[in-house]
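Visitor:
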Amino acid sequence: MAPPVQNGPDGSSLKPVSSLRAQFENMNKSSESTVAPGPSPPGPSPPRTISPAPKPDFLRDAKTSSESLPIPPRPRDRASVSAPSLPPPLHEPTPRSPGRALGVPPTLKPEPVKAPSVMVEPPQSPLKNPVSRFAHAETPAFLNADSGSSTPTTPTASRQFKIPSRPHTPSLDPRRSPRLSASQPPSPPPPRRSGEIRRDAKSAQPPPINRAEKPSMHNQHKPSLFDHNHVADNRGNIKEETSPFSSPPSSPGSHNEGTPPVLPTRPKAPAMQSEPPPTQRGRTLDVGFAPPPVHHSIVTKRNQRGQETNGFVKGQITPQITGEPRPVVPALPARPQVIGEPPPRPPMTATMKPPPRPPRPAVKTQSIPEAQPPPKRIVSTPTTHVPPPTRLPGRANTVTERFAPRPPPPQPPQPVQPAQAAQPPPAAESTLALIPSSNNSKVEINGSSQSFPDQSNVNRRPPFIKQGMHEIQTKYDPRTFDVCGDLVCTTGHLTRVWSLRDGELLMSFAHGEGIKATSVAFKPGNNVDEEGQRLWIGNNFGELMEADIATQSVVANKPAAHGRHEVSKIFRHFNELWTLDETGGLLVWGPDETSTPNLTNNPHQAFRLPKGHTFSMIIGDELWHATGKEIRVFAPSLDGQTQFQVLVRPLVQDAAGEVTSGTQVRSQPGKAFFGHADGKVTIYNTQDFACLGIVNLSSWKINSLVGVGDSLWAGFNTGKVCVYDLDPTPWAVKKDWQAHDKNPVVKLLSDISSCYRMDRHQVISLGADNMIRVWDGLLADDWHETEMKAMDNQYCEFQDLKVLCMTWNAGASTPHSLRYAQEDSEFIKSLLQANSSPDILIFGFQELVDLEDKTATAKRFLKVKKKEGSDQERMSHQYRDWRDFLLKSLDDYMPADCLYHLLHTATLVGLFTCIFVKSTLRDRIQNLSAAEVKRGMGGLHGNKGAIVVRFMVDDSSLCFINCHLAAGQSQANSRHNDVAAILEAQILPPERDPSIRIDSFVGGGDGTMILDHELCLLNGDLNYRIDTMSRDTVVIAVKQNNLAKLLERDQLLVAKRRNPAFKLRAFDEMPITFAPTYKYDVGTDNYDTSEKKRSPAWCDRLLYRGGGRIKQIDYKRHEVRVSDHRPVTGRFKFTVKKIQPKARAMAWMDCQQRFEDLRVREINDDKMSYLTNVIGYDAATARSILRPRNERSPSRSREA
C-alpha cells in the first residue's frame, strides 16, 4: 500500500496536537498499511508539498538527499547510526549545527521510507559536565496531591523510540545517556503536522521490554502518545552501540510473553557496580527539557493503565500524584537488588576509646570499587540508583552513617545512635500516610485566640559581648555570613574573614566584576580542632570555590557546579556539605578519604527541589524546604537508598504569610519554629508534622529566627531583635532592643562552636547597615539584674508613700471659674481634706489655654519662646494662676503640721504639671529632671504631647507623665502612635553608674526612657473613645448604669487585648466604675447636645506601672461643671526602697557565683551539642574530648 500524501522526512505522518487523540482512537480501525521493516532505498527522496502548519525547529532545519551539500545520504539503516557525542551543558542554549543552519527546506513530495519512527531532538542537550546531574530547565517531579496532575511532566523511558540520523547534527554520547524521570507519566513529543507520522492498519503487539518497575503496557488496547508498534517492528535491526536511549535490562522475565530481543546495554562507568548489568535496575532518561503539558485525562488514564496491568506503581516514587490515598502495592518480586541494605552501625561500647581529638576517616562499609559518579538524578525517590561513592560517609566514633530507618532529631547532650530511635520515619511504601492535616483545622494561637507575648517585663539593654570585638564594620555590602568560634566570614562582591577576638582582618579577596558570592559556609575539618580553616563559597554563576584562610587563596573550585544558576545556600550536615541553587538543584558532597568534602571530586548525589526557595534548614537528617507559604520535607542521603520526599502534601498555614526563617529551641524538643513575613510564628511537630500553633509576635516582618539556649531570638525588618521566653502562656518578651539602627536585621546566627573554641555562647547579627554585631547569648547582665531584684529584700529597706494624682482637661478655665458654683468651689478643698495628707501630690491639667482659639494658636506658633528669665517670667498667667491657687489651697486646707514644697512645675501649650511633696520627703529626693514630647502637627507643635517629670526617692526611681493625645473618634491609630512616641523617646539624662542602673532602674534601662523607671504613673486626656456604638446607645447605657457593655468597646481596653504592639499594655488600670467623663455641655450634667453631638467616652484616665510596688486605692471622678470634661483622681501607695551597701555587696557576690555555675552548665551542654550534633562525634567520644579541657579549669571541673 502506497504511503499517504504529505509524509514527513522519515515517513511518519504529521498531525496537529489537537487531532492526536482522535487519531489514536481510530488507529486499530484503519486498514492494513504496515510497511515491512528494513532499510530504506538509498535513492533521492521525492519532493513533497509544504504544509502550512508551523514546523518544529528540527523539521525546518532538516535536509534531503537532493541537496547539493556534501552530506551523507539521509535514508540509511538505523543500525548504522554512529555513537553520539556529548552535547553542550543544559544551562547553555544548544547551538545550531552549521550544516543545518545552511540547509535547504525539505522536498515537497512524499517519498517511500521505511517503518515510521518518532523523531526526537531535545531543544537542550545533556550536560557535558558530569558534576551537574539534573536538568535545571525542568519542572521538578514532586509529589503534590493537589496539583500534580496538571504539572508538565518529563516523558519516561518506558517507550522505546529511535532518533534517525541527521547530517551535521550533534549526537548523544551513549556513555552519558540521560534518563527520563520515572516519577511522571510520559508526555508527547513537540507538535507535528499531520502526515508526518504514518500509522499501520493493524496494531501489532510489541515484545516485552524490561522497564525496571515501569508498568507494562502490552495488555492495553488504547493507543499511547507514541505509537511504539512500529518501533517494535524495527527493534531487531538496532545494533547495540547505536541506541543511546535504550534502558539496560534489570529483571529476568516479563508477563506471558516470549523472550524479548536483546537490547543494547548502556555504557557504564567502569567498576561502578558490584553485580553484572543484567541484575541492574533500569535507569530512567533525563532529556533535559520541559516537554509540552499533558492533558489531565491522559495522565489519569496512564496511571490507571499502569496499575491495572502490573499491580504496582510506575517509577521510583511510590505515592501517586492524584492526592488520594492508595493501598501500598508490592514491587516486582522477581527483580534482584543491586545493593542490599547496608548493615546497621554497631552500637558504641565502653571498650571504644578514641584519642582525645580523633580524626574521622571514612569507613568502607561495602566493597565497591572506585568509579565515576552516577548519572544525574532528578526524581524524588532514589531507589533505582547504584550507590555512587566508593566510600560511604563513615567516621570513626561518629554518627554520620545514616540509613533507613532514619533516626529522629538528636536531643543534646544525649548520644545520637540509630539504635535509640524511638519511631523511624516511614519508608517509601508508607509515605502515603504522611499527609499533613488540613489547613482548615483550628490552630491554637499561643494558648488563646486573643493572647500575645507579654511585654510587661521586657528588657531593652543591648546584650553586648564583654570580651573581644562587639561590632565590626564590614565597609561593603555583604549578602550573607557564617561564623565559626572566633572567626566570622562575610561575603558578597568581596569575601572577608575577621577575628572576633581583636577585629583583625584575616582574609579579603574580590570575586571580579559582575560576580557576587551568594552563600558561604565553613568547611568541616578532619577533627574538631581543625574546624574553621577553610571556606566553601558559592556565587551567582553556579560556581563553588574552596578558600584557605591562612594563605588567603582559592585552593579548589568547581566551575558551573550548578550550571550557571546562583548558589543560594550551603548547608553543613556533620562532615557533608549540601549546596542548593535558585532552581532547586541540591548537590550532596560527602567526605572523601580525608573524611571531608572535596571539590576536586564530584558530588555524591543530586536531587531536585522546588523553585522559589525562601528558607530552608536541616532538622536531624531531614531538609525542611520552604517556598512561599509551603514547607516541604526531604531526606537527602549519600547512599541514595532512602525515600527522598517525606511528605505527599506541603505544610501550609493560610493564616500566616510567607516563610522567611526558622529554627529549633533546645527546651522545646520535637518542635520546629518558622517565622513569617507577617510577624507570625508557626510551630510544627517534627515527628508527625502536625501544626501545633500560631503565635503573633509582631506586625513587622520576621527576617531571622534562632534558638539560643531555652529562648527564641527574632530579628525584625525594623532592625530590632527580640528574645522570647517560651515557657509561659502566652509567651513573654524577655528582651527587645534596636540591634541595627533604622536598618533591617538581615541574618541572625547562634554560634555554639564559640562555646568550644572561646568558652562563651555568642549570637551574631548582620544588618543592612553593613555592621556585624556580637551579642551575649547567655544574657548575663539581664540574669544579674533579675536575680538582684529578686533578692532585694535581703539588702533593702522599704517604705510606703501615699500619692494623690489628679487629671483634668480644664477647657481653658481659670481658678476664678470655680467660684461661680458652690460644688465647683469646694472641689479642691474636699479633694485635699479627704486624702489624709499624701506624701506626693501630682496635678495634671490639659487645655489650660483655649486650643480652639485660632488667633491664640497662631501666636503660639509664630512667637519665639523665651529661653532666659525665671519661671515667673516664662510662665503665662494661666499657669501662674493655677500654681498660686494650688499653693494657697495647700496652705489653707492641709493640717498645720504637714508642710508641702512645690517640687516642680512644667508647661507645654495647654499642658501643666504641678508636683508637691511633703517637707519630710524633700531631702530624700534627688536627680530631678523634666522633659517634653511634642506630638502636634507631626511632632512640631505642643498642642498634643506629654510632659515627663522624674526623680529619685532614696534608691527608687519615680516617673510621672501628663499627656494629651490626638482627638477624634476615628483617630485611634494616631493615639497609638502618640503613645509609642512618648514612651520610646529617649529624652531624660542617662545614668552612668552601672550599679545604680541595676538597683534603681528596670528593663536594662539607663533612665533616658519612661519605661526605665521602677514606678511610673501616667495621667491625661488620652482621648480614647467607645467604638461601634451610636451616641444615643451610649447615653442610654450610661443612664442604665450598664458600664460593662461600654467598656467592652473602649478603644484603650480593646487595644490592650488585641494589639501586641500597643505600648500601654505595659501599664495597669484599676477597673472603671464611674460614668464617662467626656463630653458634657459646660455648666450642665448633659452629654454633648451641640451640632457635633459627640459620643460619651472615658477620655480622662490614670494608668500605672510598678512591678507590684504600686497599689491603687481608689479611682473616681468629680462633678466639676466648668469644663466639658470631669476631673478624675486616684490614690496610690508607692513602695520605695533604700539599699544597705554591705548587704548588697554580699548579695552581689552570691549572684555572681550562682551565675558562674549556671554558665558552666550551659556552656558544657552547648559543647556536647556542638560535638555530637554539628561535628558528628558520638557521646562517648565527645565526653573524652571535653574531659581534659574541663580539667584544665578548676572552676569548671566541678560541673564536668
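By the UniProt record's numbering, the letter at position 974 of the sequence shown is numbered 974, and the numbering carries on one by one without gaps.
C-beta atoms are modelled at their ideal positions from N, C-alpha and C, and glycine is treated no differently.
Bear in mind the structure is a predicted one, so any value in this text is a computation, not a measurement.
1. Quick one: any contact between the segment 765-782 and the segment 468-481, if contact means 3 or more CB pairs under 8 angstroms?
2. Within 8 angstroms, do at least three Cβ pairs link the segment 481-494 to the segment 521-529?
3. Does DSSP put R496 in a helix, in a strand, or in coil?
4. Report yes if the C-beta distance between residue 1204 and F951 is below 9 angstroms; otherwise report no.
5. Indicate the three-state DSSP secondary structure (helix, strand or coil) for P374 in the structure shown.
6. Quick one, which of P1060, D993, S1000 and S974 has its alpha-carbon nearest R1025's?
7. Can you give me the Cβ contacts of L804 inside the same chain, cut-off strictly under 6 angstroms, excluding the 5 residues immediately before and after it?
8. Would you identify the three-state DSSP class for M469, choosing helix, strand or coil?
9. Provide the residue span of the beta strand (DSSP E) that contains N977, from first to last.
10. Quick one: any contact between the segment 798-815 and the segment 1162-1176, if contact means 3 or more CB pairs under 8 angstroms?
11. Would you identify the three-state DSSP class for W536, choosing helix, strand or coil?
12. Between I537 and A547, is the Cβ-Cβ spacing less than 9 angstroms?
13. In or out: A1182 buried (at least 16 other Cβ within 10 Å) or exposed?
14. Determine whether the beta carbon atoms of L1052 and L1064 lie at a separation below 9 angstroms.
15. Considering only the alpha carbon of each residue, which of G1108, T583 and F827 lies closest to H565?
16. Since I619 sits in a beta bridge, which residues does DSSP pair it with?
17. Have a look at P405 and T596 and give me their C-alpha separation to the nearest angstrom.
18. Using 9 angstroms as the limit for Cβ to Cβ distance, is T627 near chain B?
19. Please check the pair T1135 and L831, which I expect to be a contact at CB under 8 angstroms, by giving their CB distance rounded to whole angstroms.
20. What separation, rounded to the nearest whole angstrom, lies between the Cα atoms of L1046 and K944?
21. Measure the alpha-carbon distance for I1010 versus F960 and round it to whole angstroms.
22. Just mark Q1152 as buried or exposed, buried being the case when its beta carbon has 16 or more other beta carbons within 10 Å.
23. Jot down the residue ranges of each uninterrupted beta strand (DSSP E) in the segment 1040-1082, minimum 3 residues, whole runs only, in chain order.
24. With 16 other CB atoms within 10 Å as the buried threshold, where does F798 fall?
25. Looking only at its own chain, which residues have a Cβ that is under 6 angstroms from the Cβ of R819, when we skip the five neighbours before and after it?
26. Work out the CA separation of G585 and L609 for me, nearest whole Å.
27. Please state whether DSSP places F571 in a helix, a strand or coil.
28. What does DSSP give as the partner residue(s) for L705 in the beta ladder?
29. Which value, in whole angstroms, describes the spacing of the CA atoms of A981 and A946?
30. In angstroms, rounded to a whole number, what distance separates the CA positions of L1171 and E991?
31. Is A768 helix, strand or coil by DSSP?
32. Can you tell me the Cα-Cα spacing of E622 and F634, whole angstroms?
33. Can you tell me the Cα-Cα spacing of R935 and I1036, whole angstroms?
34. Determine contact between the segment 774-784 and the segment 751-763, defined as no fewer than three beta-carbon pairs at a distance below 8 angstroms.
35. Whole angstroms are fine: how far does the CA of F464 sit from the CA of K1137?
Guide: Judging by the given coordinates:
1. yes
2. yes
3. Note: R496 maps to strand in three-state DSSP.
4. Because residue 1204 is not part of the residues shown, which for the chain are 1 to 1200, the question remains open.
5. The pLDDT assigned to P374 is 38, lower than 50, so where the model puts this residue is not dependable; a value taken from the coordinates is nonetheless given after this. In this structure, P374 counts as coil in the three-state DSSP scheme.
6. S974
7. Result list for L804: N835, P838, L841 and R1131, in chain order.
8. Reduced to three states, the DSSP call for M469 is coil.
9. From DSSP, N977 is part of no beta strand (DSSP E) but of the alpha helix (DSSP H) over A972 to E984.
10. In short, these stretches do not touch, since the Cβ pair count stays below three.
11. Looking at W536 - three-state DSSP - the assignment turns out to be strand.
12. yes
13. buried
14. yes
15. Of G1108, T583 and F827, the residue nearest in Cα terms is T583.
16. E622
17. Note that P405 scores a pLDDT of 40, beneath 50, so its modelled location is shaky and nothing firm can be said.
18. Of the protein chains in the structure, only one exists, and it is not chain B.
19. Not really, about 24 angstroms apart at Cβ, beyond 8 angstroms.
20. 26 angstroms
21. If I take the Cα positions, the gap works out to 9 angstroms.
22. exposed
23. Listed in chain order, nothing qualifies, since the segment 1040-1082 has no complete beta strand (DSSP E) run of 3 or more residues.
24. Exposed: under 16 other Cβ atoms inside 10 Å.
25. S825
26. 6 angstroms
27. strand
28. DSSP lists A714 as the beta-bridge partner residues of L705.
29. 10 angstroms
30. 43 angstroms
31. coil
32. 6 angstroms
33. Their Cα atoms are separated by approximately 35 angstroms.
34. By the C-beta criterion, the segment 774-784 is judged to be in contact with the segment 751-763, since at least 3 inter-stretch pairs fall below 8 angstroms.
35. 29 angstroms
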